[in-house]
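Okay, so here's the structure we're looking at.
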Amino acid sequence: MSDGASDPPEDSAGTADADQTADPGATAEDTTGEEAVTDDVVDDTTEREVVANDTPADGTSGEPVGGGPRKLHILTIPYRLVQQGAGIVVFLFFIGVPGLTGALGAEGGILGVLAVLGIAAAFVGYFVAYYKRYEYELTADTFDIRSGVFSRREREIPLRRIQNVDISQSVTQRVLGIASVGLETAGGGETEAQLQYVGEDEADRLQSEVSRLRRTSDATAGGAPEGETVEPAAETVFEITQRELGVLALVSTDFRVVSLVFFAGSIFGPSFFEELEPVFFGPETVLGVLFGPIAAILSIIAIGIFAGAVSAARYYGFTLNRTDEELRYERGLLQKYSGTIPLSKVQTLSVRENVLARRLGYAALYIETAGHVASAGESGGSQSAVPLAERDRVERLTRSIEDAPFDEFERPPKRARERYAVRYSLVVLAVTTLLYLASMATDLLGYWYLPLLGLLLVPVAAHLKWKHRGYYLGEDHVVTRNGFWSRTTKIVPYHRVQTTVSSETVFQRRRDLGTVVVDTAGSRSIMGDDPQAVDFDIGTVEEIRETVPDRLYEALRERKRSRSLDRLQPESGGPEEFDAGSRTDPPAD
Amino acid sequence: MSDPDDPAESDAVETRPPATDSGATHTDTPDAAPSVGTSASTIEELDEELVEETVGELRRLDPKVRLYWVASRLLGGLIAAVVVAVFFQFAGPEFGLVETPGDLPFGFAQRTVVVGVAAFLLFGGLAVLHAVLYYRSWRYEVREDSLYLTRGVLTRVQTVAPYVRVQHIDARRGPVERILGLSTLVVYTAGSRGADVTVPGLTDDRADELQQALKRLAIESEEEDAV
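Here the protein sequences come in this chain order: A and B. With this note's numbering as the guide, the letters of the first sequence map in order to residues 1095 to 1683. With this note's numbering as the guide, the letters of the second sequence map in order to residues 222 to 448.
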């Protein structure tokens, strides 16, 4: 039902989270929020102390930033009422009232109307109370929210823990001039705070203020000179061109779905439409013969146009701005989204090219932070930094964030191809068998043996699968690449590695092959999409598994060193420094 | 559930010559920990000692863990067997299996009971087999700067968890584990596969030791970093 009603469970989940991450070994002092997930635990007392020292540093305003607690936008009440209450009331009115009338006669009908009115009043009361009770405040160091109608909740989110600030607006919300603001931290899978809804200006103000304050408190905590809170120059690093938007619309269709439709159409179509023929056509008409394939092609086109239009509208006007320590994106034709991605919280970079985009020379870039951003309509909880752009633009942008080469790869040994060949052959045989059994049972499927033609494609498919796998151990990064239909290149800085896991299935062992997964705290990896080197020689696998953690230690030491140098000469805060040097692991007590 | 698998002892101390006296650490006897403690005067030193004698040795789990695995899987086997029996009773005739007229309570046939018991024996047998093989495959090693685990029957899995990434360490004792005097150590990292780093089948003392040692090593690795 409504958000408000789900408040209590959400609340308890939140606290449980906090408890769970509470880590006796974690050290709060100097953490600047990089080891995102852990650092979530910094307790409030420490934070407050920082606040106390911090306030004078906040050059622009001495008092609590933003002038005390604020309320949501007043239009929130009617909007949410219509959005969430109306449906239920209408449902009750049309189902409940006639039902009661039927059961109890006219009196029942009156009773029903009264009940509906009562429920409607309850809804209005609830949302008004929700609005009245909801207060948020941006202080120099935390973002506080007090909310809840039945059970009260007070939440303080340390600004340094905030990973992303996202603004989203649907069409209706744009007309009303309101927006939803989501704050993400690394803890838990949910959005830490969702302000539904505030005015547009207020949303923008929150976004930029959070960035500014986070910068200030970082600077102070990092020992940088105080008072350098000048708004850093934002530079537009990427703007989607009309052409790219067109290509995006073209390639965003998932070709696996399309080929499936086509496949199904060609198998089921003829025999299925044979049944219909007496209705539509004479048995011998050309049209009748072609009907199956034509229907398949039309549905492909329809799916394609729809998917294309959706992603074109979604990424219309995509712009990416970069300041010293964060990226800020804006996009959307009908629904509007904007968000920030702090560069210091980047876990993994993924470059994705599906088969068509690859051919046309385009690629997409995703940036994973430890936060979770499913709410803004992003796929898979990671942030699409660039939905689609010419490959060298993507490469340049990627290299400006993490300077790793992504065209040099070690390929798996050739014997890995045998595995894929066997695997695909089995799939083809299984499909054929199923179709055969189905045709036995129903008489509907004439061409059950058609999939056997797929056996001809097996060697090609196996080769392609093999060809697009790879890994590369760079100076500062481990890079992996997988996938033919949608090739994903993942760049993981060594200092982001959490664990390495190698595994060999029975089938891999027969060929002395294995898989290594490099685990990070990125949110995307929950989807089983981790950076991994698949089907490499067992010796290589062991080497990667052992080398990467070693490099992790080296990288951490390196960063410690460069950070202590930073401390000695604080002026040297160029963009590169911010990327690599200024935030590191908390030193132990 | 006695297991016929004796070679366990023969390769108990295998691979890599142990850096230190392995007798004290590997034994399952509960007096292992006190014997360590005798020479240590402060907690710090005790910790140091624990770390030293824990590092650098490929270890096996306690053999009793097989019982634990078998016990926890037998429950699943039991449920599966009941499902099979019920299926046989009601759906069997439909598929041309022999008619199963019931003469037991709830109209169950004796044949059904036989099928159920057979299924249970099959699942139980598989559980025992898997437990034995899984136990044989399990090794863990406390290294200088990471925890290394290897295990798996059909799919072998090796995990390297660097100490810097350790968030916290839990020792878990389930009901069956408590009866057997075993513990499971769960090492959490911030990674999405955090729960992958789990060491089952440790004697309680060993689990405490290991937890202390890992904690110590995790802190040390941070300090070393801070330089």
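In this text, a Cβ means the ideal position worked out from N, Cα and C, and glycines have one as well. Keep in mind the model is a prediction, meaning the values are calculated, not measured.
query                                                                                                                                                                                          : result
Is the CB of B:V349 under 8 Å away from at least one CB in chain A?                                                                                                                            : no
Would you say A:D1486 reaches chain B, if we count a Cβ-Cβ gap shorter than 8 Å as a contact?                                                                                                  : no
Can you tell me the Cβ-Cβ gap for A:Y1228 and A:L1166, rounded? I've got them flagged as a contact below 8 Å.                                                                                  : 5 Å
Could you check if A:D1623 is buried or exposed, using at least 16 other CB atoms within 10 Å of its CB as the buried criterion?                                                               : buried
Express the C-alpha separation of A:G1203 and A:A1112 in angstroms, rounding to a whole number.                                                                                                : Since pLDDT at A:A1112 reaches only 38, below the 50 mark, its modelled position is unreliable, and the value read off the structure follows with that caveat. Their Cα atoms are separated by approximately 50 Å.
Would A:V1595 count as contacting chain B if we go by Cβ distances under 8 Å?                                                                                                                  : yes
Taking A:Y1565 as the query, report the chain B residues whose CB atoms sit under 8 Å from its CB, ordered along the chain.                                                                    : Within 8 Å Cβ-Cβ: nothing; A:Y1565 doesn't reach chain B, min ~16 Å.
If you count every other CB in all the chains shown that lies within 10 Å of the CB of B:V335, and 16 or more means buried, which is it?                                                       : exposed
Which same chain residues end up closer than 6 Å to A:E1764 when comparing Cβ atoms and leaving out the 5 residues on each side of it in sequence?                                             : Residue 1764 of chain A is absent from the model: chain A starts at 1095 and stops at 1683.
Under the three-state reduction of DSSP, which class applies to A:T1279: helix, strand or coil?                                                                                                : strand
Closer than 7 Å by beta-carbon distance: list the chain A residues that pair up with B:V353, in chain order.                                                                                   : By Cβ distance, chain A contributes nothing, its closest Cβ being about 17 Å from B:V353, past 7 Å.
Kindly provide the ranges of any alpha helix (DSSP H) runs that are 4 or more residues long and lie completely inside the segment 1590-1653 of chain A, ordered along the chain.               : 1600-1604
Are any of the Cβ atoms in chain B nearer than 8 Å to that of A:T1641?                                                                                                                         : no
For the beta strand (DSSP E) containing A:R1422, list its first residue and its last residue.                                                                                                  : E1420 to R1425
State the CB to CB distance for the pair A:A1615 and B:G298, rounded to an integer number of angstroms; the pair is presumed to be in contact (CB under 8 Å).                                  : Actually they do not touch by this definition, with Cβ atoms about 38 Å apart.
Starting from the C-beta of B:A306, find all residues in its chain whose C-beta is less than 6 Å away, skip the five residues before and the five after it, and write them out in chain order. : T333, V336 and G337
Give a yes or no on contact between the segment 1303-1310 of chain A and the segment 1247-1263 of chain A, applying the rule of three or more CB pairs nearer than 8 Å.                        : yes
Would you check if the segment 1482-1502 of chain A and the segment 1440-1447 of chain A touch, i.e. whether three or more CB-CB distances between them fall below 8 Å?                        : yes
Cβ of A:V1145 less than 8 Å from any chain B Cβ?                                                                                                                                               : Model confidence at A:V1145 stands at a pLDDT of 33, short of 50, so the residue's coordinates are unreliable and nothing is read from them.
Quick one: residues in its chain with C-beta nearer than 6 Å to the C-beta of B:G422, no 5 flanking neighbours on either side, listed in chain order?                                          : L282, D283, V286 and L403
Here's a check: name, in chain order, each residue in its chain whose Cβ is nearer than 7 Å to the Cβ of A:F1503, leaving out the five neighbours to either side.                              : G1564, Y1565, Y1566 and R1575
With 8 Å set as the bound, which would you pick, yes or no: does the beta-carbon of A:L1607 sit closer than that to a beta-carbon of chain B?                                                  : no
Note down, in chain order, all residues in the segment 362-385 of chain B with a beta-carbon under 8 Å from any beta-carbon belonging to chain A.                                              : D366, S367, G373, L375, T376, R377, V378, Q379, T380, V381, A382, P383 and V385
Report the neighbours of B:D417 on chain A: residues whose CB is nearer than 9 Å to its CB, in chain order.                                                                                    : T1593, V1595 and D1613
Please state whether DSSP places B:K285 in a helix, a strand or coil.                                                                                                                          : coil
Please classify A:S1262 as buried or exposed, where buried requires at least 16 other C-beta atoms within 10 Å of its C-beta.                                                                  : buried
Comparing C-alpha positions only, which one of A:A1328, A:F1237 and A:P1625 sits nearest to A:E1462?                                                                                           : A:P1625
In chain B, which residues lie with their C-beta within 9 Å of the C-beta of A:E1598?                                                                                                          : G373, T376, R377, V378 and Q379
Which of the three DSSP states, helix, strand or coil, is assigned to B:V349?                                                                                                                  : helix
For A:A1451, which residues of its own chain have a beta-carbon under 8 Å away from its beta-carbon, when the five flanking residues on both sides are left out?                               : V1341, V1345, A1457, A1458 and L1482
Using 8 Å as the threshold, is the segment 1570-1589 of chain A in touch with the segment 1513-1527 of chain A, meaning 3 or more CB pairs across them?                                        : no
Distance, Cα to Cα, A:S1393 vs A:Y1541?                                                                                                                                                        : 21 Å
Does the Cβ-Cβ distance between A:Y1225 and A:T1279 come in under 8 Å?                                                                                                                         : no
Please work out which residues of its chain come closer than 6 Å, Cβ to Cβ, to A:F1578, disregarding the five sequence neighbours upstream and downstream, and give them in chain order.       : L1558, K1559 and H1562
Using 10 angstroms around the beta-carbon of A:D1613, count the other beta-carbons present and answer buried if the total reaches 16, otherwise exposed.                                       : buried
Give a yes or no on whether the C-beta atoms belonging to A:V1642 and A:A1627 are separated by under 8 Å.                                                                                      : no
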